[in-house]
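Down below is the structure, laid out as structure tokens.
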Amino acid sequence: MTPRVLRRLHDIHERERALVPEIRAQLSAAPPGGYRDELEAHLAETQTHIRLLAGRLSELGYRNGSLVSGVVHLVQSGIAQATARRLTPLDLLRPSDPGDRVLQRARHAAAAHAANIADYRALDRIAGSAGDTTTQALAARLGAQEQERFDAIIAEIPALADALS
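The following block contains the structure:
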């Protein structure tokens, strides 16, 4: 295990944590149906990823108690909350079509999944190079789950677009 593996693992853990309020905000505006079901599954999966990543960080002896990490977490939390607020029911007060907003959020969700897939693939390679096969296997498994969720969200795009006509 190298500091680079630990740093990447921590960064991914923090990004997954930052997704939770955003997913909840998207759920608050999503109509019943396939896309909403995907968001609910995404939230559950993200919470599982957070637990697994935290467990691996703990196994590696990572302690997130320093003042610097506390400040970083506060800033990241603030950014995540601001993003979530931007996507909350305040959007419903805007004159744009709700279907357009849901479609736009689906695009954002797909982009977030693409970023997560890239993060997990990078961690897979970095951990493999460092000889950390446990982290490598975790990254491969979580990355595959992100890919499945990405594919499912992309599959919902046509139905969301059709609902606009």
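Under our numbering, the residues of the sequence shown are numbered 13 to 177, in order.
No residue lacks a Cβ here, since even glycine has one placed at the ideal position from N, Cα and C.
Check                                                                                                                             : Outcome
Within the continuous alpha helix (DSSP H) that includes Asp136, where are the two ends?                                          : 110–142
Return helix, strand or coil for Leu69, following the three-state DSSP convention.                                                : helix
Alpha carbons only, please: which of Gly143, Ala30, Ala124, Ala151 is nearest the one belonging to Arg20?                         : Ala151
For Gly45, which of helix, strand or coil comes out of DSSP?                                                                      : coil
Helix, strand or coil: which one does DSSP assign to Leu176?                                                                      : coil
Using the beta-carbon count (16 or more within 10 Å), is Leu176 buried or exposed?                                                : exposed
Considering only the alpha carbon of each residue, which of Gly73, Ile165, His61, Arg68 lies closest to Ala122?                   : Ile165
Quick check on this structure: which residue in Ala171, Arg153, Thr147 has the alpha carbon closest to the alpha carbon of Leu72? : Thr147
What separation, rounded to the nearest whole angstrom, lies between the Cα atoms of His120 and Glu57?                            : 17 Å
From the DSSP output, in three-state form, read off Arg75 for me.                                                                 : coil
Does the Cβ of Ala124 have 16 or more other Cβ atoms within 10 Å, making it buried, or fewer, making it exposed?                  : buried
Relative to the C-alpha of Asp144, which residue among Leu69, Ala30, His25 is closest?                                            : Leu69
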